[in-house]
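Asks: Chains A and B are the protein sequences, given in the same order.
For the first sequence, the numbering used here assigns the number 1 to the initial residue and increments by one for each residue that follows.
For the second sequence, the numbering used here assigns the number 1 to the initial residue and increments by one for each residue that follows.
Ideal placement from N, C-alpha and C gives every residue a C-beta, glycine not left out.
Submitted below is the structure of interest, expressed as structure tokens.
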Amino acid sequence: MDEKFDVIVVGAGPAGTACAYELAKAGLKVIMFERGEYPGSKNVMGGVLYRKQMEEIIPEFWKEAPLERPVVEQRFWMMDEESMVTMGYKGLEWAKEPYNNFTVLRAKFDQWFAQKAVEQGALLINETVVEACIVEDNRVVGVRTDRPDGDVYADVVVLADGVNSLLAKQLGFHKEWRPDEVALAVMEVLKLPSEKIEDRFNLEPDQGCTIEMFGDVTKGILGTAFLYTNKESVNIGVGTTLSGLMKAKIRPYDLLEYVKNHPMVKPLLEGNESQEYAAHLIPEGGYNSIPKIVGNGVVVVGDAAHLVNAIHREGSNMAMASGRMAAETIITAREVNDFSENMLDSYRVRLMDSFVGQDLKKYKDTTHTFEHHPQYFKEYIPMLNRAAGQMFTVDGTPKKQKQKEILRSMTENRGKLGVLQDLYRAWKVMK
Amino acid sequence: MEGDEMMGEIKKTDSLEQKQYTVRFRADTKSHLHVLDYDICATKCPEKWCTIFCPAEIYKWEDVRMQVGYEGCHECGSCRIGCPYENIKWEYPKGGHGIIFRLA
Numbered sequence: 001m002d003e004k005f006d007v008i009v010v011g012a013g014p015a016g017t018a019c020a021y022e023l024a025k026a027g028l029k030v031i032m033f034e035r036g037e038y039p040g041s042k043n044v045m046g047g048v049l050y051r052k053q054m055e056e057i058i059p060e061f062w063k064e065a066p067l068e069r070p071v072v073e074q075r076f077w078m079m080d081e082e083s084m085v086t087m088g089y090k091g092l093e094w095a096k097e098p099y100n101n102f103t104v105l106r107a108k109f110d111q112w113f114a115q116k117a118v119e120q121g122a123l124l125i126n127e128t129v130v131e132a133c134i135v136e137d138n139r140v141v142g143v144r145t146d147r148p149d150g151d152v153y154a155d156v157v158v159l160a161d162g163v164n165s166l167l168a169k170q171l172g173f174h175k176e177w178r179p180d181e182v183a184l185a186v187m188e189v190l191k192l193p194s195e196k197i198e199d200r201f202n203l204e205p206d207q208g209c210t211i212e213m214f215g216d217v218t219k220g221i222l223g224t225a226f227l228y229t230n231k232e233s234v235n236i237g238v239g240t241t242l243s244g245l246m247k248a249k250i251r252p253y254d255l256l257e258y259v260k261n262h263p264m265v266k267p268l269l270e271g272n273e274s275q276e277y278a279a280h281l282i283p284e285g286g287y288n289s290i291p292k293i294v295g296n297g298v299v300v301v302g303d304a305a306h307l308v309n310a311i312h313r314e315g316s317n318m319a320m321a322s323g324r325m326a327a328e329t330i331i332t333a334r335e336v337n338d339f340s341e342n343m344l345d346s347y348r349v350r351l352m353d354s355f356v357g358q359d360l361k362k363y364k365d366t367t368h369t370f371e372h373h374p375q376y377f378k379e380y381i382p383m384l385n386r387a388a389g390q391m392f393t394v395d396g397t398p399k400k401q402k403q404k405e406i407l408r409s410m411t412e413n414r415g416k417l418g419v420l421q422d423l424y425r426a427w428k429v430m431k
Numbered sequence: 001m002e003g004d005e006m007m008g009e010i011k012k013t014d015s016l017e018q019k020q021y022t023v024r025f026r027a028d029t030k031s032h033l034h035v036l037d038y039d040i041c042a043t044k045c046p047e048k049w050c051t052i053f054c055p056a057e058i059y060k061w062e063d064v065r066m067q068v069g070y071e072g073c074h075e076c077g078s079c080r081i082g083c084p085y086e087n088i089k090w091e092y093p094k095g096g097h098g099i100i101f102r103l104a
């Protein structure tokens, strides 16, 4: 392949495809490499796709994209072993255009999205691993693939190669991730008839719901479990920091079974048939883990750039936004024929000024704080459950006395000052 | 509550085999995972960390040596990052090979 392209995109996930789509639409000659049999065949997510950032690339995509259900309700469960305290929001404005978010199955969605980039003129090459960037005079000028005569050249290489991003690491943009910078998520797609889903989750046929679970479902390890409704299946999974999992010495699939068999979850899954098991890493180090993302002739987007807001379970939308912004920068760079780091750095500036950079900055200390102070997941959630249980159990004890006992039990372990410190710390990293 | 005490609450299940049956794999003829120094697993790593956190139980300690069943790998990268001795060389399988998700 001696042909030279304007841009090489490595990886046909949300970030790479968004970038390739915008570049091809602007008339650039783009080649996109995907190591899987088809786009999506290596990709996993819990399943929530946000409308806004996708719509900025393909308006009204919901009219043709393979989506599962628009989400009309988001529930949050704070769980103990045999109880839970819940909250949530259900809004029917989310049931109609323009919607807020959708559940999706990535193997289907990513194939469709990549096909849209192909329709714009991008060349998609599947089943091809990019093994290295070709660097000449301190500038990335192309990539080496695992195909025979597999060197390809371009003005810019976009690294959208996902959480492991071996290519950015090769370039020295980041060191190996630490176990506390990544979350290991395991999930299963469980087949259930649509009527059962609608009955059990209180939904109309064209509505979906998401449940995020905290506390006992991760055995106090920093992380969450989730249950999302598809058309004729549900996705159930659990993700915890790899460091937390190691510390607790729990096998991830044992934890997933624990979640599936939790008494608050089990009845919702009754009669299911397992369709697919999947494991994947999520880059959750946040703002402080964002690596170098721009070099001479190269930019990094999506998971490879560590763009995930773990607190709000946003990732694929940030990936798409980063891909789009990288494309806009490359289009400008081409007008002046300057692909230097200096020129391409406007992608980084644009990204950091956007909601992506701002949100990641807002929560920059959150996950590490919760990791280093496990009491939030391990002690306060069970405490909250006990307090609710005591308060709502009618046993002849006067309410005032109940309140006193609850307050005493809450401050028993850590002391009043300790509890206040914990509250202040949580507020500080979330505000 | 850590380590063994917590393990008591989480039942060890034999469900992984069933889970792995739901996944399609197109295995390459050679492994994309390599233990760099088998002595390190034997002498320096009593926990055998990778055998615990690997979501597909690719790593199995058999008597005296780490066995690597790369064919069922989900290509998540946990072993590369989690091995405290940086003792695992991790590459992507050849293009088109390895795990093939149909849903996820």
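Output needed in chain order: residues of the stretch 187–219 of chain A with a Cβ under 8 Å from some Cβ in chain B.
Replies: MET187, GLU188, VAL189, LYS219
Asks: How would you label TYR287/A, buried or exposed, when you count the other beta carbons within 10 angstroms and need 16 or more for buried?
Replies: buried
Asks: Less than 7 Å separating the Cβ of VAL299/A from some heavy atom of the ligand SAH?
Replies: Looking at this structure, you won't find the ligand SAH or any other ligand, since it has none at all.
Asks: Runs of 4 residues minimum, wholly inside the stretch 35–97 of chain B: which ones carry the alpha helix (DSSP H) assignment?
Replies: 38–43, 49–53, 78–82
Asks: DSSP three-state label for PRO267/A, please.
Replies: Reduced to three states, the DSSP call for PRO267/A is helix.
Asks: May I ask you to list, following chain order, the residues of the stretch 12–41 of chain B that have a beta carbon less than 8 Å from some beta carbon of chain A?
Replies: LYS12, THR13, SER15, LEU16, GLN18, LYS19, GLN20, THR22, VAL23, ARG26
Asks: For the stretch 276–284 of chain A against the stretch 149–159 of chain A, are there 3 or more C-beta pairs whose distance is under 8 Å?
Replies: no
Asks: For PHE173/A and SER340/A, what's the separation of their Cα atoms in angstroms?
Replies: 16 Å
Asks: Return the residue from the list ARG414/A, GLY415/A, ALA388/A that minimises the CA-CA distance to LYS402/A.
Replies: ALA388/A
Asks: Given a limit of 7 Å on CB to CB distance, which residues of the stretch 39–68 of chain B reach chain A?
Replies: TRP49, ILE52, PHE53, PRO55, ALA56
Asks: Contact criterion: CB-CB distance below 8 Å. Does GLU75/B meet it with respect to chain A?
Replies: yes
Asks: What three-state label does DSSP hand TYR228/A in the structure shown?
Replies: Strand at TYR228/A.
Asks: Nearest to GLU379/A by alpha carbon, out of THR411/A, GLY142/A, PRO398/A?
Replies: THR411/A
Asks: Counting contacts by CB-CB distance shorter than 8 Å, is ARG144/A in contact with chain B?
Replies: no
Asks: Could you check whether the Cβ of LYS94/B sits closer than 8 Å to any Cβ belonging to chain A?
Replies: yes
Asks: Please list, in chain order, the residues of the stretch 247–259 of chain A that have any C-beta partner in chain B closer than 7 Å.
Replies: LYS247, ALA248, LYS249, ILE250, ARG251, PRO252, TYR253, ASP254, LEU255, GLU257, TYR258
Asks: What residues from chain B crowd round GLN275/A, counting only those whose CB sits closer than 7 Å?
Replies: Within 7 Å Cβ-Cβ: THR22, LEU103.
Asks: Can you name the residues that DSSP bridges to PHE33/A?
Replies: VAL10/A, ILE125/A
Asks: Looking at the unbroken alpha helix (DSSP H) that takes in SER354/A, where does it start and where does it end?
Replies: Counting along the chain, SER354/A falls outside any alpha helix (DSSP H), and DSSP gives it neither H nor E.
Asks: Any C-beta of chain A sitting closer than 8 Å to the C-beta of GLY72/B?
Replies: no
Asks: Of the residues that make up the stretch 158–174 of chain A, which ones have a beta carbon closer than 8 Å to any beta carbon in chain B?
Replies: VAL163, ASN164, LEU166
Asks: Who are the neighbours of VAL10/A on chain B, taking C-beta pairs under 9 Å?
Replies: Correct list: empty, because the minimum Cβ distance to chain B is about 11 Å.
Asks: Taking only beta-carbon positions, decide if ILE100/B is within less than 8 Å of chain A.
Replies: yes
Asks: Considering Cα atoms alone, identify which of THR240/A, ILE293/A, ILE31/A, TYR89/A is closest to ASN342/A.
Replies: ILE293/A
Asks: Looking at the C-beta of ILE81/B, does it have a partner C-beta in chain A at a distance below 8 Å?
Replies: yes
Asks: Grouping DSSP H, G and I as helix and E and B as strand, with all else coil, what is GLY215/A?
Replies: strand
Asks: Measure the C-alpha to C-alpha separation of LEU307/A and GLU64/A and round it to an integer number of angstroms.
Replies: Those two C-alpha atoms are separated by around 27 Å.
Asks: Can you tell me where the alpha helix (DSSP H) with ASP151/A in it begins and where it stops?
Replies: ASP151/A -> not in any alpha helix (DSSP H); beta strand (DSSP E) instead, spanning 151–159.
Asks: If you reduce the DSSP assignment to three classes, tell me which class GLY323/A lands in.
Replies: helix
Asks: TRP177/A: buried (16+ other C-beta within 10 angstroms of its C-beta) or exposed?
Replies: Burial state of TRP177/A is buried, judged by a 10 Å Cβ sphere holding 16 or more other Cβ atoms.
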